[in-house]
Structures are given as C-alpha cells and as structure tokens.
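*Asks:* Sending over a structure as structure tokens; questions will come in a sec.
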Amino acid sequence: MTEVKITRALLSVSDKTGLTALGQALAKHGVELVSTGGTAKALRDAGLTVSDISDLTGFPEMMDGRVKTLHPKVHGGLLAVRDNAEHLASMEDHAILPIDLVVVNLYPFAQTVAKGAERDEIIENIDIGGPSMVRSAAKNHAHVAIVTDPSDYTELIAALDSNNGATDYPFRKRLAAKAYSATAAYDAMISQWFQLSDQQQAFPDLLALTAVKGDELRYGENPHQQAALYIPSGPHTRGIAQAEQLQGKALSYNNYNDADAALELVSEFRDGPPTVVIVKHANPCGVATGETLLEAYQAALACDSVSAFGGIIAVNRPLDAATAEAMSGIFTEVVAAPGASDEAKAIFAKKKNLRLLLTGELPDATRPGLNVKSIAGGYLVQSRDNGRITRADLKQVTKRAPTEQELDDCLFAWTVAKHVKSNAIVYAKGGATAGVGAGQMNRLESARIAAWKAKDAAEKAGWSEARTIGSAVASDAFFPFADGLLAAVEAGATAVIQPGGSIRDDEVIAAADEAGLAMVFTGMRHFRH
C-alpha cells in the first residue's frame with residue numbers, strides 16, 4: 001500500500017513541543033484524535049476534541065498509569081495488515097479500530113538519571129507502553145505512520161496537506177527506521193544505567209552504546225573521508241563535544257580530536273596553578289604552569305614554538321586579556337578555556353579564523369569511563385587511563401634521592417608523558433616541558449628527539465643552554481636498556497621517573513647511580529597509542 005489516509009491517530013508524548021499545531025493540522029483533515037493523560041489534557045486545552053485511550057480499549061488506566069496502552073485493541077489496531085482478510089475479520093470480531101498514525105515520544109529516562117534522581121523515580125521513568133506502540137507501528141509501517149521526534153511534525157503536516165490527509169510509503173518507511181533507532185537508543189540507555197549500577201561487571205556480555213548525531217563535519221582526518229560528531233545518548237561527562245564555540249569556522253574532525261587531547265591533559269591540572277597546554281596532532285608540544293596564564297603560555301610556547309604554529313591550546317583558567325593578546329601573536333586553530341573575560345573575547349574576535357571554545361568546568365581527570373576503539377571485525381574496550389601518581393607512590397631506586405624541585409619536575413613530566421603517544425619521553429624543568437619525544441618505535445630515539453628539540457628551542461630563544469640541563473625526565477614505560485637513560489644523561493637530566501619493571505632494571509639503576517642521577521619508579525605504565 002503506497003498512500004494511507006489518516007483517519008485515526010494515537011498521540012502520547014512526554015515532550016509537548018509542537019503538539020498543539022500538530023493536533024490542529026490533524027483535526028483539519030478530519031482525523032480522530034485518541035490520547036492519554038497529560039497529552040489528552042494539552043490537546044483539550046487547545047480546544048481540540050479528543051477521545052481517551054480508555055474509550056478505545058474499554059479498559060481504564062491502572063497501576064499509576066503503568067498499564068494504559070498495553071491492550072489488544074491498541075496493538076491490534078496498529079499491527080493489523082489492512083489487506084489481509086483474516087486480520088480484518090479478527091478486527092471486526094473483536095471491535096478493533098484501525099490506527100493509522102502514532103505520535104509517541106518516550107518518558108525522559110536520560111534526563112531523570114542526569115538530574116541525579118533516586119532509583120525509584122528512575123525506574124518509574126522507564127517507558128513500557130510507549131516503546132511497545134512504537135515498535136508495533138514501525139513493524140506495520142506499510143499501513144501505519146510512526147512519529148517519535150517533534151522535529152518531524154512539520155514534514156508530517158506538509159505531507160498531509162499535499163496528499164489530501166494521506167502519507168506515502170517512502171515517508172512511512174523513513175519514519176519507521178528512525179523509530180527503531182529511537183527505541184534501540186532508549187533501551188541502550190536503560191541498559192547502560194543498569195550496567196553502571198552493577199559494580200561487579202565492568203564489561204557486560206552485551207555492550208549497548210548509542211549516540212545522537214551532533215554535527216555533520218566537512219570531512220574526516222583527510223578530505224576523502226566523511227565524518228560526523230556523535231553525542232552519547234545517555235548521561236555523559238561534559239567535554240569538547242559540549243563546549244560553546246564563540247567564534248571561528250566550524251570545528252573539523254582534526255580540531256575535535258586535538259582539542260580533546262588538549263582538554264584531557266589540561267584537566268590533569270584542574271585544581272593546580274595556571275596551566276597552558278599546546279597540542280599538535282594530538283601530542284603535546286608544550287605544557288607549563290606559572291604564576292599567571294600569561295607566564296604559563298610563554299613557557300609552554302618556548303618549548304617548541306615551531307610545532308605550536310597552527311596548534312590547539314587549552315588552559316585551566318578563564319582567559320584574561322594579556323594572555324589572549326600573547327596567543328594572538330601566532331596562528332592558532334583552537335583555544336579552549338573554562339571561560340574568558342570580555343576583553344579577551346574582544347581580542348580574539350579580531351582573529352576570524354581562530355575558534356574559541358568555552359568548556360565550563362573542566363572534567364575530572366580521575367573519573368571512570370570506557371575507551372572504545374574500532375578494529376577490523378570488532379571493538380577493543382578498556383577502562384580510561386585515569387591512574388594518577390603522588391609522591392607517596394614513588395619508590396626511590398638510586399643511591400641519590402631526588403631534591404624537592406626534582407620531585408616536582410618528575411611528577412609534572414610524568415603527568416605530561418601520560419598524554420604523549422608512545423614511546424614517550426618528556427623533559428621538564430621548573431614546571432614546564434623542556435622537550436617532548438613522541439611516537440617513536442624505540443625509546444632511545446624519543447629521548448634523542450626530545451633533547452634535540454630542547455637544543456633547537458634554546459637556540460631560537462637565545463638561551464645559553466638547553467632547558468634539559470638540570471631537568472627531570474619521564475618515560476611512559478620502563479627503559480628496556482640503559483641506552484635511553486644515558487641519552488637523558490647526555491641531555492643534562494638529573495632526575496628520572498619511570499614505571500620500572502624491566503628485566504634489566506638493575507642495569508638501568510646502576511647506570512643511573514654511575515651518572516649521579518636520582519631515579520624513582522612509579523609502578524604504573526602509561527602507554528598511549
């Protein structure tokens with residue numbers, strides 16, 4: 001059946017957006033309106049004639065509204081195949097009336113969870129009758145139209161107006177596909193809530209994850225790839241995906257990816273001193289703390305000003321005018337901050353290509369969560385790397401103990417190394433990165449590259465020596481041989497922080513002692529791929 005004349009519509013919505021206009025449009029086409037509870041009241045308040053669902057079923061709503069549409073006269077009217085003689089005979093025998101249109105949106109389960117409601121209230125907001133009607137109508141989309149999204153009301157009204165009160169099959173099929181996506185997402189949100197409530201099962205046998213398309217992106221990592229941004233359907237931590245963009249072109253796939261990396265790293269310093277992170281291709285190329293954001297930015301930029309060109313910046317404090325002015329001196333793709341002063345906004349407004357993102361409160365770096373990675377034929381799922389090391393966790397393994405300043409620099413370098421692609425080596429001094437070696441296939445090369453970058457930065461700045469002299473060096477995993485550590489010694493490092501755990505730890509410790517280094521083990525690795 002191609003076109004179906006709408007004679008009877010069942011409406012039951014929690015979101016009343018656009019309901020009156022839809023009801024009026026249906027009434028204009030002579031459609032009988034059948035409804036439930038608050039939806040029926042809203043339609044009547046708009047002056048429309050409405051039949052209660054109990055009039056259709058001959059059965060009252062009961063159990064605090066838990067049972068009202070779960071009835072053969074509802075589902076029979078939805079599921080009957082209109083050109084099947086046996087179905088039509090059953091309808092006549094049992095006085096079942098056909099329903100040609102269902103307009104349903106479901107109880108606000110996700111919103112109820114998000115506001116921190118008690119368990120009983122959350123349970124009551126698990127819709128049963130709504131999804132059942134949606135699925136019945138969608139299954140029989142050859143004869144029934146199902147609308148689950150208020151944004152589709154306008155198109156439905158236009159279709160009725162242009163087809164003399166009827167809908168065509170392609171439209172109903174498209175609505176049915178959307179309806180099944182809606183119920184799948186709804187059930188997945190409920191499943192996720194139960195899974196999160198069950199602390200005994202970190203990885204369920206069936207992993208249900210759903211998301212809503214937030215934005216269509218121009219392309220992916222490369223122009224020949226398509227891309228879109230999706231937002232989790234259920235409760236989720238705020239991040240770059242929810243940031244308010246004040247200016248600039250639409251964010252690209254790479255912008256989102258890099259800004260996320262920058263925000264994740266700067267969030268490690270959420271409760272620390274003013275901190276600036278500069279990222280390029282998802283790797284930090286400069287990180288620093290300071291007395292002010294301006295001081296931190298200048299120190300972060302000094303680490304690798306070449307890589308910072310066209311980079312992404314994230315800060316842990318609201319932006320001030322002085323820092324914004326300094327950042328405007330170099331081409332930057334994105335700046336992300338919890339907030340910004342009016343003066344800072346005005347300064348950035350002159351940079352039309354710069355994207356300014358206001359994130360609000362930074363996320364908690366220690367929060368639980370899952371990382372999901374797509375591989376050919378499956379998904380890899382792991383818990384977030386939310387591990388954090390304090391002084392109390394460190395184990396001194398060399399004869400010389402680190403000084404207070406060396407300990408501070410070790411922990412700073414370690415925090416940054418956690419967010420650098422493996423193999424990662426980070427030199428730090430005075431709360432700022434001195435050199436970053438990222439993504440090399442062996443640790444020795446990462447140590448050498450980081451030291452070379454520090455020398456290059458010193459030459460550009462006109463310093464008498466590289467900032468690796470007297471620095472602390474962090475390695476995201478153990479040194480398998482002493483060569484990587486000796487490269488750090490050659491660069492001028494005086495303290496080392498690493499996980500330990502190599503079968504050659506004794507050899508590496510001996511080399512550190514011979515060089516007069518202080519070295520501590522964390523017992524925690526931070527591979528990042």
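Numbering (UniProt numbering), first residue to last: 1 to 529. The beta-carbon is built from N, C-alpha and C at its ideal position, and this holds for glycine as well.
1) Does the contact criterion of 3 or more C-beta pairs under 8 Å hold for the segment 310 to 317 versus the segment 459 to 475?
2) What do you reckon, are the CB atoms on A336 and A250 nearer than 9 Å?
3) Could you tell me if G462 is buried or exposed, where buried requires 16 or more neighbouring beta carbons within 10 angstroms of its beta carbon?
4) Answer with buried or exposed for A243, where buried requires no fewer than 16 other C-beta atoms within 10 angstroms of its C-beta.
5) Is the segment 370 to 383 close to the segment 398 to 412, with three or more CB pairs under 8 Å?
6) If you draw a straight line from the alpha carbon of R504 to that of F479, how long is it in whole angstroms?
7) Just list the alpha helix (DSSP H) runs in the segment 230 to 310, keeping only unbroken ones of 4 residues or longer that don't cross its boundaries, in chain order.
8) Put A117 into one of helix, strand or coil per three-state DSSP.
9) Quick one: what does DSSP say residue 530 is sitting in, helix, strand or coil?
10) How far does the alpha helix (DSSP H) with R135 in it reach, from first residue to last?
11) For L156, which of I278, L26 and N255 has the nearest alpha-carbon?
12) Among the candidates L319, L19 and H281, whose CA atom is the shortest distance from the CA of E333?
13) Going by Cα to Cα distance, which pick from D408, S54, Y169 and L78 is closest to S132?
14) Name, in chain order, the residues that DSSP records as bridge partners for V212.
15) Could you tell me which residues DSSP puts in a beta bridge with I347?
16) Identify, in the order they occur along the chain, each residue of the same chain with its Cβ nearer than 7 Å to the Cβ of N442, setting aside the five sequence neighbours on each side.
17) Would you mind sorting S12 into buried or exposed? The rule is 16 or more other CB atoms within 10 Å of its CB.
18) Between the Cα of D506 and the Cα atoms of T494, L357, E343 and F521, which residue gives the shortest distance?
19) So the candidates are R317, V103, N353 and A322; which of them puts its Cα closest to the Cα of F331?
20) Helix, strand or coil, according to DSSP, for residue 609 in the structure here?
21) For the alpha helix (DSSP H) containing T524, list its first residue and its last residue.
22) In terms of alpha-carbon separation, which member of W193, H87, A450 and D152 lies closest to H143?
23) Could you give the distance in angstroms between the alpha-carbon of K178 and the alpha-carbon of Y297?
24) Just to confirm the assignment, what range does the alpha helix (DSSP H) spanning I53 have?
25) Can you tell me the Cα-Cα spacing of Q24 and P338, whole angstroms?
26) From this set, Y379, A137 and A457, which residue's C-alpha is nearest R174's C-alpha?
27) Just checking my contact of A477 with R525 at CB under 8 Å: how many whole Å lie between their CB atoms?
28) Cα separation between H75 and K28?
29) By alpha-carbon positions, which one of S35, E118, D168 and A85 ends up nearest to K5?
30) Just the Cα atoms here: how many angstroms apart are K139 and G165?
31) Whose C-beta lies closer than 6 Å to the C-beta of residue 563 among residues of the same chain, with five residues either side of it excluded?
32) Between which two residues does the alpha helix (DSSP H) containing Q405 stretch?
33) Could you pull the start and end residues of the alpha helix (DSSP H) that I126 belongs to?
*Replies:* With the given structure in hand:
1) no
2) no
3) exposed
4) buried
5) no
6) 8 Å
7) 253 to 266, 293 to 303 and 305 to 308
8) coil
9) Residue 530 lies beyond the range of the chain shown here (1 to 529); nothing can be said about it.
10) G129 to K139
11) L26
12) H281
13) L78
14) I231
15) Answer by DSSP bridge pairing: none, since I347 is not bridged.
16) N423
17) buried
18) F521
19) N353
20) Since the displayed the chain opens at 1 and closes at 529, residue 609 lies outside it and no answer follows.
21) Thr is not the amino acid found at residue 524; the sequence shown has Met there. Element bounds for M524: n/a, residue is neither H nor E.
22) H87
23) 47 Å
24) I53 to T57
25) 45 Å
26) A137
27) 5 Å
28) 26 Å
29) D168
30) 22 Å
31) Look at the range of the chain in this structure, 1 to 529, and you will see that residue 563 is not part of it.
32) E404 to A417
33) Taken as a continuous stretch (DSSP letters only), I126 belongs to no alpha helix (DSSP H), as it is neither H nor E.
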